[in-house]
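Reviewing the structure listed below.
Residue numbers (the working numbering): 3 to 285.
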């Protein structure tokens, strides 16, 4: 199903911050995790990976500095949405609420998961729908991933090479956010569908920046052009969004990614803020 623009008040990109981390969180070695994870794995007939147990990152700590980097006390936030694919090393706490504590304004907060790379696009659409009601002047989107999973995957899924997070501050803007998804799309159809979506989203606009995720493997013959920003392999959940933190993001942003496991192609189009857009690497 192809999505439609979220009408009403729009959201525009105001600030972006990204962070990668090679060290592990002390919380990953909490003694209560071993029996919990052992029971969780045993329910699927799996055994713990002893060489991985005790490693990994906690998303509340990984992304807290990013949330602080994109927000300011003078600009209260109404909504925070966390998107992730790999489970947090601290499964017993609400990470979205922890991150909301670092936002001015005590925002509503929740998470989107179990959607692979599509989770961030779902989170963006949720933020846009809140803004369309007039109840959200600013929203923070956090995308996080950590590279340690202490049990074998029950089904195939992309795993990151390192721990990383990205935070985007979105504020009221003149244009609606347009998030579109195509489920059950075979890889050979991605190029044509993506080219059609990009052409429709861009229209006659100038100053467009197109960012393609690591799951999108298309060439210039598809019509998306050779000058796009491409996310590096190895960061399946944050890599796409981290590219927005590199240099001038453009007047209009089109972000796209494809999950070959779930067969989802997601495409989002949104404006940058009329105010100068700040971007930073943290940590």
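All C-beta atoms in this analysis are idealised placements derived from N, C-alpha and C, irrespective of residue type, glycine included. The structure presented is a predicted model; accordingly, all values stated were derived computationally and were not measured.
- A straight-line Cα-Cα distance of about 10 Å links residue 276 and residue 174.
- The three-state secondary structure of residue 108, taken from DSSP, is coil.
- When the Cα atoms are used, residue 67 and residue 19 turn out to be separated by approximately 9 Å.
- Relative to the Cα of residue 113, the nearest Cα in the group 103, 246, 25, 128 belongs to 128.
- Annotation for residue 200: the continuous alpha helix (DSSP H) segment containing it runs 192–204.
- Residue 211 has its alpha-carbon roughly 17 Å from the corresponding atom of residue 182.
- The beta carbon of residue 139 sits closer than 7 Å to the beta carbons of 80, 173, 174 from its chain, once the five residues preceding and following it are set aside; these are given in chain order.
- Here residue 194 is actually not in contact with residue 213; their C-beta atoms are around 19 Å apart, not less than 8 Å.
- Around the beta carbon of residue 229, a 10 Å sphere encloses fewer than 16 other beta carbons of the protein chains shown; the residue is thus reported as exposed.
- Judged by DSSP in its simplified three-state form, residue 156 adopts coil rather than helix or strand.
- Taking the Cβ atoms as the reference, residue 83 lies roughly 26 Å from residue 35, outside the contact range of under 8 Å.
- Our two residues, residue 236 and residue 109, have alpha carbons roughly 32 Å apart in a direct line.
- Runs of the alpha helix (DSSP H) spanning 4 or more residues and lying entirely within the region 38–63 do not occur at all.
- At a Cβ-Cβ threshold of 8 Å, residue 269 and residue 199 count as neighbours.
- In chain order, 12, 14, 15, 175, 176, 177, 253, 254, 255 place their CB closer than 8 Å to the CB of residue 273, counting only its own chain and leaving out the 5 sequence neighbours on each side.
- Contact between residue 47 and residue 78 does not hold, since the beta-carbon distance rounds to 48 Å and is not under 8 Å.
- From the listed residues 56, 40, 57, 55, the smallest Cα separation to residue 49 is found for 40.
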